[in-house]
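Novice:
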Amino acid sequence: MDSKKIDKVVSLCKRRGFIFQSSDIYGGLANTWDYGPYGVELKNNLKRAWWQANVYARDDIYGMDAAILMHPKAWEASGHIDNFFDLKSDCKSCKKRLKSEDLKNKSKCPECGGELTEARPFNLMFKTHQGPVEDTANLLYLRPETAQGMFVNFANILDSRHPKLPFGIAQIGKSFRNEITPGNFIFRTREFEQMEIEYFVNPNGADKKLEEWIENRFNWYIALGLNKANLRKRPHGKEELAHYALACTDIEYNFPFGWSELEGIANRSDFDLKRHAEYSGKDLRYFDDTAKERFFPYIIEPSGGVDRSLLAFLTDAYHEEDVRGKIRVVLKLSRELAPVKTAVLPLLKNRPEIIELARRITQGLKKHIVCIYDDTAAIGKLYRRQDEVGTLYCVTVDVESLEDKQVTVRERDTMEQKRIGIDRLKEYLLEKLNN
384 MDSKKIDKVV SLCKRRGFIF QSSDIYGGLA NTWDYGPYGV ELKNNLKRAW WQANVYARDD
444 IYGMDAAILM HPKAWEASGH IDNFFDLKSD CKSCKKRLKS EDLKNKSKCP ECGGELTEAR
504 PFNLMFKTHQ GPVEDTANLL YLRPETAQGM FVNFANILDS RHPKLPFGIA QIGKSFRNEI
564 TPGNFIFRTR EFEQMEIEYF VNPNGADKKL EEWIENRFNW YIALGLNKAN LRKRPHGKEE
624 LAHYALACTD IEYNFPFGWS ELEGIANRSD FDLKRHAEYS GKDLRYFDDT AKERFFPYII
684 EPSGGVDRSL LAFLTDAYHE EDVRGKIRVV LKLSRELAPV KTAVLPLLKN RPEIIELARR
744 ITQGLKKHIV CIYDDTAAIG KLYRRQDEVG TLYCVTVDVE SLEDKQVTVR ERDTMEQKRI
804 GIDRLKEYLL EKLNN
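Quick note on numbering: the sequence shown equals residues 384 to 818 in the working numbering.
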């Protein structure tokens, strides 16, 4: 993939209102990002598509939204307090903090050549305090993952919904990791959003369910528009498995900066429920009515990142085309993900009757379709703006529209134009968008 493509995507994101540097007017806060008008729509569409596929379209998965703050013993049980750290070294000269694994046995700072401190563990959880007194008794953590909120609610789901194995719990939410070396735009940040499922299964069928979920999640990205050639499945070697995992496969995307993980699908065994049962004193076993026995289910966990998935879809959708000697930039996002489905554009903004008709058409479409109105430039420039944000259809209102009651509908990818009667415009667009 073109190594410069990520720079083009970053530039487009700021120029067109997808993603901004956080606290920009104060010089920005490193590796934190704000989603603008188009970015938040794209992000919401991505989360909505995930929820549709994994909660609404299935009968065996229940959604929830757990609190970001949890009882600190939950993080003892999960192993995060003892095991969730990176080895790091500090440069004595430039004070830069570096991951030991990135140093590759170097004895000097790769940035300035200064002397490095000995490697020492650095816990990745953000600490905070509950109440007015900052002491160890009031110590809390911002969650580093959404998974634990689902594990501690396992018994609540059993008692309230009475599901039979296999079944799952799904959640989309913010997590926080005090990463030493974040970077690559929104790919790795300290504040990020996850889409996670904890799927509880009989231990005897765990291997089969793991394979089913790997295929399911791989195909979801393709169905939403990612080029299959830019995706791969990479099984973890034994040496890189998390302490709780029996197996794990990453779905990776070929970013301009290299192959990197979009989502991991792991067999977490029965580690989590056993640990929370031990630390809480609550019985978190599942009772099998048929076998008349209690046991801890195994857990298959598909865990994906919202932000890094969004970056993959933006990168994959970004295209440059030569149109009559000029470069056209277009985001070929799928219908499900495109932030705007339709834009209504008046051909002449110095004709009040055209403006009035265009605004009336916009208001009519807004009830059924995500639609915007724009009259801030000449029609050619307006088309290019909408191409850059991935708008699927542009509706142009011209002088003839006042007489023949028709408008010109332009399709994003082919740029083909067609005259459609205003009275059947809504039906025409809905048919195009839903087929």
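Even for Gly, the Cβ is constructed at its ideal location relative to N, Cα and C.
Here the structure is a predicted model, which is why all the values come from computation and not from measurement.
With DSSP as the reference, label R480 as helix, strand or coil.
Specialist: On the sequence shown, residue 480 is found 97 positions in, with the first residue counted as 1. Strand, per DSSP.
Novice: Compare the C-alpha of E820 against each of D443, G410, L697, K478 and name the closest.
Specialist: Outside the displayed span of the chain (384 to 818) sits residue 820, for which this structure offers no information.
Novice: Comparing alpha-carbon positions, which option in C396, G410, D442, G411 lies nearest P420?
Specialist: Within the sequence shown, residue 420 is the residue found at index 37, counting from 1. When each option's Cα is compared against that of P420, the closest is C396.
Novice: Quick test of your reading: L481 and E562, contact by CB under 8 Å. State the CB separation rounded to the nearest angstrom.
Specialist: By 1-based counting over the sequence shown, the position of residue 481 is 98. By 1-based counting over the sequence shown, the position of residue 562 is 179. Actually they are not in contact, since the Cβ atoms of L481 and E562 sit about 12 Å apart, beyond 8 Å.
Novice: Here's a check: name, in chain order, each residue in its chain whose Cβ is nearer than 7 Å to the Cβ of I805, leaving out the five neighbours to either side.
Specialist: Start at 1 with the first residue of the sequence shown, and residue 805 comes out as number 422. For I805, where only same-chain residues beyond five positions count, the Cβ hits under 7 Å are I744, K788, Q789, V790.
Novice: Compute the beta-carbon to beta-carbon distance between F601 and I444, rounded to the nearest angstrom, for a pair I have assumed lies under 8 Å.
Specialist: Here residue 601 refers to the residue found at position 218 when the sequence shown is read from its first residue. Here residue 444 refers to the residue found at position 61 when the sequence shown is read from its first residue. The Cβ separation is near 18 Å, so there is no contact.
Novice: How is the beta strand (DSSP E) around T791 delimited, first residue to last?
Specialist: Taking the sequence shown and counting its residues from 1, the one referred to as residue 791 is at position 408. Its beta strand (DSSP E) spans residues 789-794.
Novice: Quick check on this structure: which residue in K732, P639, P729 has the alpha carbon closest to the alpha carbon of V393?
Specialist: Looking up residue 393 in the sequence shown gives position 10. When each option's Cα is compared against that of V393, the closest is P639.
Novice: Give me, in chain order, the residues of the same chain whose beta-carbon lies closer than 7 Å to that of N437; leave out the 5 immediate sequence neighbours on both sides.
Specialist: Stepping through the sequence shown from its first residue, residue 437 is reached at position 54. Same-chain partners within the cutoff: I444, A553, I580.
Novice: Since I believe K616 is in contact with I634 (beta carbons under 8 Å), could you give me their beta-carbon distance rounded to a whole number of angstroms?
Specialist: The residue you call residue 634 lines up with position 251 of the sequence shown. The residue you call residue 616 lines up with position 233 of the sequence shown. That belief holds up - the Cβ atoms of I634 and K616 are roughly 6 Å apart, short of 8 Å.
Novice: If you draw a straight line from the C-alpha of F670 to the C-alpha of G664, how long is it?
Specialist: Along the sequence shown, read from residue 1 onward, the residue named residue 670 stands at position 287. Along the sequence shown, read from residue 1 onward, the residue named residue 664 stands at position 281. Each residue's alpha carbon lies about 17 Å from the other.
Novice: Can you tell which of E576, R711, V712 has the C-alpha that lies nearest to the C-alpha of T415?
Specialist: Locating residue 415 in the sequence shown gives position 32, where the first residue counts as 1. Answer by Cα proximity: E576.
Novice: In chain order, which continuous runs of the alpha helix (DSSP H) of length 4 or greater are located wholly inside the segment 646-700?
Specialist: Entirely contained in the segment 646-700, the alpha helix (DSSP H) runs reaching 4 residues are, in chain order, 654-663, 689-700.
Novice: S461 lies in the alpha helix (DSSP H); which residues open and close that run?
Specialist: Residue mapping note: residue 461 aligns to position 78 of the sequence shown, counting from 1. Looking at the DSSP string, the run of the alpha helix (DSSP H) that includes S461 is 455-461.
Novice: I'd like the list of long-range same chain contacts for E799, defined as Cβ closer than 8 Å, with 5 residues on each side in sequence excluded.
Specialist: Taking the first residue of the sequence shown as position 1, residue 799 is located at position 416. Around E799: R793.
Novice: Identify the continuous alpha helix (DSSP H) that holds F601 and give its terminal residues.
Specialist: What you label residue 601 is simply residue 218 of the sequence shown in a count that begins at 1. Element bounds for F601: 589-606.
Novice: With a cut-off of 8 Å on the beta carbons, I'd call I540 and P546 a contact; round off their distance for me.
Specialist: In the sequence shown, residue 540 corresponds to position 157, counting from 1. In the sequence shown, residue 546 corresponds to position 163, counting from 1. The pair is a contact, with the Cβ atoms about 7 Å apart (cut-off 8 Å).
Novice: Spell out the partners DSSP gives G804 in its beta bridges.
Specialist: Here residue 804 refers to the residue found at position 421 when the sequence shown is read from its first residue. Paired residues: Q789.
Novice: Can you list, in chain order, the residues of its chain with a C-beta nearer than 7 Å to that of R571? Leave out the 5 residues immediately preceding and following it.
Specialist: Here residue 571 refers to the residue found at position 188 when the sequence shown is read from its first residue. Only E562, P565 meet the Cβ criterion.
Novice: Give me the residue from L614, T529, L486, F403 with the minimum Cα distance to H463.
Specialist: For this step, residue 463 is matched to residue 80 along the sequence shown. Checked all of L614, T529, L486, F403; the closest Cα to H463 is T529.
Novice: According to DSSP, is G641 part of a helix, a strand, or is it coil?
Specialist: One-based indexing of the sequence shown puts residue 641 at position 258. The answer is strand: DSSP assigns G641 an E or B state.
Novice: Give the DSSP bridge partners of C474, in chain order.
Specialist: To locate residue 474, count along the sequence shown from 1; it is residue 91. Answer by DSSP bridge pairing, in chain order: L499.
Novice: Just mark S406 as buried or exposed, buried being the case when its beta carbon has 16 or more other beta carbons within 10 Å.
Specialist: What you label residue 406 is simply residue 23 of the sequence shown in a count that begins at 1. With fewer than 16 other Cβ atoms within 10 Å, it is exposed.
Novice: Is R648 near F583, with beta carbons less than 9 Å apart?
Specialist: Position 265 of the sequence shown holds residue 648. Position 200 of the sequence shown holds residue 583. In the sequence under discussion, the amino acid at residue 648 is Ile, which differs from the Arg named in the question. Not in contact: I648 and F583 (Cβ atoms no closer than 9 Å).
Novice: Between G688, K479, C777, N585, which has its C-alpha nearest E363's C-alpha?
Specialist: Because the chain spans 384 through 818 in this model, residue 363 falls outside it and cannot be assessed.
Novice: Given 8 Å as the limit, is there contact between the segment 444-460 and the segment 743-758, that is, 3 or more CB pairs closer than that?
Specialist: At 8 Å Cβ cutoff, the stretches do not touch.
Novice: Look at the Cβ atom of R526, then the Cβ atom of L645, and state whether they are nearer than 9 Å.
Specialist: Numbered from 1 along the sequence shown, position 143 holds the residue referred to as residue 526. Numbered from 1 along the sequence shown, position 262 holds the residue referred to as residue 645. Their beta carbons are not under 9 Å apart, which means R526 does not touch L645 by this criterion.
Novice: Which runs of the alpha helix (DSSP H) fall wholly inside the segment 407-440 and span at least 4 residues, in chain order?
Specialist: Within the segment 407-440, the complete alpha helix (DSSP H) runs of at least 4 residues are 420-434.
Novice: With a threshold of 8 Å on Cβ separation, who are the neighbours of R658 within its own chain once the five nearest residues in sequence on each side are excluded?
Specialist: Locating residue 658 in the sequence shown gives position 275, where the first residue counts as 1. Closer than 8 Å at Cβ, skipping near neighbours: A460, S461, G462.
Novice: Report the partner residues of Y445 according to the DSSP bridge assignment.
Specialist: For the purposes of this step, residue 445 is identified with residue 62 of the sequence shown, where counting begins at 1. According to DSSP, which records beta bridges pairwise, Y445 is partnered with I552.
Novice: Looking at V723 and T774, is the spacing between their C-beta atoms short of 9 Å?
Specialist: In the sequence shown, counting from the first residue as 1, residue 774 sits at position 391. In the sequence shown, counting from the first residue as 1, residue 723 sits at position 340. Result yes, Cβ atoms of T774 and V723 sit closer than 9 Å.
Novice: Can you tell me where the beta strand (DSSP E) with M508 in it begins and where it stops?
Specialist: Position 125 of the sequence shown, counted from the start, is the residue given in the question as residue 508. Where M508 is concerned, there is no enclosing beta strand (DSSP E), given that its DSSP letter is neither H nor E.
Novice: Rounded to the nearest angstrom, what separates L412 and P515 at their Cα positions?
Specialist: If you number the sequence shown from 1, residue 412 lands on position 29. If you number the sequence shown from 1, residue 515 lands on position 132. If I take the Cα positions, the gap works out to 27 Å.
Novice: Let me know the secondary structure DSSP gives F583 once reduced to three states.
Specialist: Locating residue 583 in the sequence shown gives position 200, counting from the first residue. Three-state DSSP puts F583 in a strand.
Novice: Classify E424 as buried or exposed, calling it buried when 16 or more other Cβ atoms lie within 10 Å of its own Cβ.
Specialist: Numbered from 1 along the sequence shown, position 41 holds the residue referred to as residue 424. Buried, because 16 or more other Cβ atoms sit within 10 Å of the Cβ of E424.
Novice: Measuring alpha carbon to alpha carbon, tell me which of V689, L731, P680 ends up nearest K592.
Specialist: What you label residue 592 is simply residue 209 of the sequence shown in a count that begins at 1. The shortest C-alpha separation from K592 is found at P680.
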